[in-house]
Amino acid sequence: MNKNINKISQSLLLNIDTQTSLFESDRKVQPRSGPTDILYKGDNELVLRKLESCLKNSIDFCYIDPPYNTKSKFIYDDSRVSDNHITWGSHAEWMQFMTPRLVHLHSLLKDSGIVAISIDDYEQPYLRILLDQIFGESNFIACIAVCRSRNGKGSKDSIATNHEYIVVYGKSSKAKVVGFVESDLSSYDKEDEHGKYKVNGLFRKKGDASLREDRPNMYYPLYYDNDGNVFTENPDNLLKVSYPLDSKGIERRWLWGKEKATKESWKLTASKNGVIYVKNYHTADKRVKPRSLWVDNRYLTERATNQIKDIYGTKVFETPKPLELIEDLIISHTHKDALIIDFFAGTGTTAHAAFNLNQKDGGKRKVILVEQEQPIAKSHTAYKQGFRTISDITEFRLKWLEEKYNDFSFHSEVVS
Ligand SMILES: C[S@@+](CC[C@H](N)C(=O)[O-])C[C@H]1O[C@@H](n2cnc3c(N)ncnc32)[C@H](O)[C@@H]1O
Numbered sequence: 087m088n089k090n091i092n093k094i095s096q097s098l099l100l101n102i103d104t105q106t107s108l109f110e111s112d113r114k115v116q117p118r119s120g121p122t123d124i125l126y127k128g129d130n131e132l133v134l135r136k137l138e139s140c141l142k143n144s145i146d147f148c149y150i151d152p153p154y155n156t157k158s159k160f161i162y163d164d165s166r167v168s169d170n171h172i173t174w175g176s177h178a179e180w181m182q183f184m185t186p187r188l189v190h191l192h193s194l195l196k197d198s199g200i201v202a203i204s205i206d207d208y209e210q211p212y213l214r215i216l217l218d219q220i221f222g223e224s225n226f227i228a229c230i231a232v233c234r235s236r237n238g239k240g241s242k243d244s245i246a247t248n249h250e251y252i253v254v255y256g257k258s259s260k261a262k263v264v265g266f267v268e269s270d271l272s273s274y275d276k277e278d279e280h281g282k283y284k285v286n287g288l289f290r291k292k293g294d295a296s297l298r299e300d301r302p303n304m305y306y307p308l309y310y311d312n313d314g315n316v317f318t319e320n321p322d323n324l325l326k327v328s329y330p331l332d333s334k335g336i337e338r339r340w341l342w343g344k345e346k347a348t349k350e351s352w353k354l355t356a357s358k359n360g361v362i363y364v365k366n367y368h369t370a371d372k373r374v375k376p377r378s379l380w381v382d383n384r385y386l387t388e389r390a391t392n393q394i395k396d397i398y399g400t401k402v403f404e405t406p407k408p409l410e411l412i413e414d415l416i417i418s419h420t421h422k423d424a425l426i427i428d429f430f431a432g433t434g435t436t437a438h439a440a441f442n443l444n445q446k447d448g449g450k451r452k453v454i455l456v457e458q459e460q461p462i463a464k465s466h467t468a469y470k471q472g473f474r475t476i477s478d479i480t481e482f483r484l485k486w487l488e489e490k491y492n493d494f495s496f497h498s499e500v501v502s
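All residue numbers for the sequence shown refer to the working numbering, where the first residue is 87 and numbers rise by one.
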C-alpha cells in the first residue's frame, strides 16, 4: 500500500470512498466536488508511478513544460547531455528522462485525454519520436507554434528564433480538442427571428459522394422567392426553381433529404441567382477550431516575467509561462470540469490559469501539480527571497492564491 499519496489527496481529487483502499484498481470513482488543487512535492517519476496505482484513466488534460535541455544555468537542472549515443546522439539522456514520465502519463489519461507539451527546436523532434511511440502516430493532434518574443534570441545562424512549440497528442481517437468559444460575432452580419447568422456554407454537397447518383433522394428542386426564402414546394407556381448543379452544370446533390429540408427550410437562404446556402447561426456553445500558429502579445515570455514579479516581488524563476497562454490552451483543449495535471509545475502557472478560468466560466477544473524539492543554490535570487526548494516557489503561488481568493484552496503533500 502506498503511504505517500494519501487518502486525503485522493478524496480531494475524486471524492472517492475513503473507506476502501485507495489502491484497489477496481475502486469506484465518483464525481468530484470542491475546487481543491493538489501539489505533490517530489520527483515526478515517483509521483506519477504512485498515482498510476489509483488514478489510471482518470485525467482529462495534461500540460507540461519540461526542461528544454538548453544547458542554461536555471534554478533547475537544464542540462542532460549524452556522449554521442549510437542512435540519439546527445539527446539520449533527455529522452531517457522523459520516457518513463510519458509512459505513466499515458496510463493516467482517460481515453479522451489530451497532452500538450511546451518545447523548443532542440528537443522537439526527439519529443515527437517519443510521443509517436508512446501515444501512437495516429494520435498526433498538432504542433502549435507560439510566438514567445517579438525580437527573438540572437543567433549564430542569423535567424533570431522567436517561437517555440506546444506539441499536442490525444490518448486515442476519442480525444477531441474542444476549440475556443466564439467571441467575435462581427462576422454574423445577418439576423432573423432565430438569431444572428452568416451565410458561408453552400447547401450543395461538394467533394466526395456529391453526385446525383451518389444519393438520388438528395437531388430535388428547391424554390425561392425574391427575399431569399427557400421552399420545397411551389403550389402557386410563383417561385423560382434551383437544382444542385455546379458551375459546370454537373448534377450534384443537396446536403439533406427533402423531408429535413421541408422541416428546416428556415435554415436555408437563396441568393438572387438561386444559389442555396445554409444559414450559419451563432449559438452560445459554438466553438472555433484553434489554429496551429499562436501569435498574441498575451503569450510573450516577458508578460510571464511581469506576472512573476507581481506575485513574488522579483524574478525568482527564469522560465515561467504566461497565464493567458495556459488559459487559452486549457479552454481550447478540454472541458470545464476537467481534471488536469502538470508535473513540471515550476511557479504553478497551470493551477493559476485553471482557477482563473473557473472564476470566469463557473467550471470545476482541478489541477494536480508536481514539483521537485530540489534545493535552490545560495547565489540564486529565489534563495535570497527565502525560498529553499523549487517546490517552495510553487507552494508560494498557491498560498498567494488562497489568501487572495476565498474559493481557491489546495492541499500539498511530500512524496518520497
Ligand atoms: C520549465 S519549468 C516549468 C515552468 C512552468 N511552466 C511555469 O510556468 O512556471 C520546468 C520545471 O520542472 C521541474 N522539474 C524538473 N525535473 C523534475 C522532476 N524530475 N520532478 C519534478 N519536477 C521537475 C523544474 O524544477 C522546473 O520547475
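The C-beta atom is built at its ideal place from N, Cα and C for all residues, glycine as well.
This one's a predicted model, so the numbers in the text were calculated from it and none came from an experiment.
Nonlocal neighbours in the same chain, by C-beta distance under 8 Å from residue i, ignoring five residues either side
| i | result |
| --- | --- |
| residue 189 | 220 |
| residue 471 | 398, 399, 400, 402 |
Residue i in three-state terms, based on DSSP
| i | result |
| --- | --- |
| residue 492 | coil |
| residue 270 | coil |
| residue 198 | strand |
| residue 437 | helix |
| residue 217 | helix |
| residue 365 | strand |
| residue 477 | helix |
| residue 337 | strand |
| residue 207 | coil |
| residue 290 | strand |
| residue 300 | helix |
| residue 189 | helix |
| residue 174 | coil |
| residue 283 | strand |
Outcome for residue i when other beta-carbon atoms lying within 10 angstroms are tallied against a minimum of 16
| i | result |
| --- | --- |
| residue 217 | buried |
| residue 121 | Summary for residue 121: the model assigns pLDDT 47, below 50, so the residue's position carries little reliability, and this model does not support an answer. |
| residue 463 | exposed |
| residue 452 | buried |
| residue 159 | exposed |
| residue 299 | exposed |
| residue 287 | exposed |
| residue 119 | Its pLDDT being 49, under 50, residue 119 is placed unreliably in this model, and the value from its coordinates should be taken loosely. That one is exposed. |
| residue 194 | buried |
| residue 330 | buried |
| residue 108 | Caution is warranted here: a pLDDT of 40 is assigned to residue 108, below 50, making its placement in the model unreliable, and the coordinate value is therefore given only provisionally. Per the 10 Å Cβ criterion, buried. |
Which listed residue (the options) has its alpha carbon closest to that of residue i
| i | options | result |
| --- | --- | --- |
| residue 167 | 144, 304, 405, 208 | 208 |
| residue 375 | 383, 417, 469 | 417 |
| residue 296 | 225, 342, 271 | 342 |
| residue 392 | 381, 259, 404 | 404 |
| residue 483 | 175, 441, 140, 304 | 441 |
| residue 357 | 378, 328, 332 | 328 |
| residue 224 | 259, 198, 250 | 259 |
| residue 278 | 253, 234, 353, 238 | 353 |
| residue 505 | 229, 310, 146 | The structure shown does not extend to residue 505, since the chain is modelled only from 87 to 502, so the question has no answer here. |
| residue 155 | 385, 184, 362 | 184 |
| residue 267 | 194, 257, 369, 331 | 369 |
| residue 480 | 491, 394, 182, 443 | 394 |
| residue 348 | 306, 385, 338, 389 | 306 |
| residue 215 | 380, 174, 317, 363 | 174 |
| residue 176 | 151, 198, 212 | 212 |
| residue 284 | 133, 337, 272 | 272 |
| residue 359 | 381, 325, 339, 407 | 325 |
| residue 293 | 336, 254, 222 | 336 |
| residue 275 | 344, 246, 129, 365 | 365 |
Endpoints, alpha helix (DSSP H) assigned at residue i
| i | result |
| --- | --- |
| residue 412 | 409-419 |
| residue 469 | 467-470 |
| residue 132 | 130-138 |
| residue 397 | 387-398 |
| residue 250 | No alpha helix (DSSP H) holds residue 250; the beta strand (DSSP E) holding it covers 249-256. |
| residue 347 | 344-349 |
Enclosing beta strand (DSSP E) for residue i [first to last residue]
| i | result |
| --- | --- |
| residue 147 | 145-150 |
| residue 161 | Where residue 161 is concerned, there is no enclosing beta strand (DSSP E), given that its DSSP letter is neither H nor E. |
| residue 428 | 425-428 |
| residue 231 | 226-233 |
| residue 405 | Counting along the chain, residue 405 falls outside any beta strand (DSSP E), and DSSP gives it neither H nor E. |
| residue 326 | 326-328 |
| residue 122 | 122-127 |
| residue 355 | 354-356 |
| residue 454 | 452-457 |
| residue 308 | 308-310 |
| residue 276 | 276-278 |
Residues near residue i in its chain [Cβ-Cβ closer than 7 Å; skip 5 each side]
| i | result |
| --- | --- |
| residue 54 | Since the first residue shown for the chain is 87 and the last is 502, residue 54 is missing from the structure and cannot be characterised. |
| residue 178 | 168, 171 |
| residue 489 | none |
| residue 447 | 422 |
| residue 412 | 149, 435, 436, 439 |
| residue 280 | 352, 367 |
Same chain, Cβ closer than 6 Å to residue i, neighbours up to 5 away in sequence not counted
| i | result |
| --- | --- |
| residue 197 | 257, 258, 260 |
Distance cut-off 7 Å: residue i Cβ against heavy atoms of ligand 3
| i | result |
| --- | --- |
| residue 248 | For the structure depicted, ligand 3 is absent and the ligand set comprises only ligand 1. |
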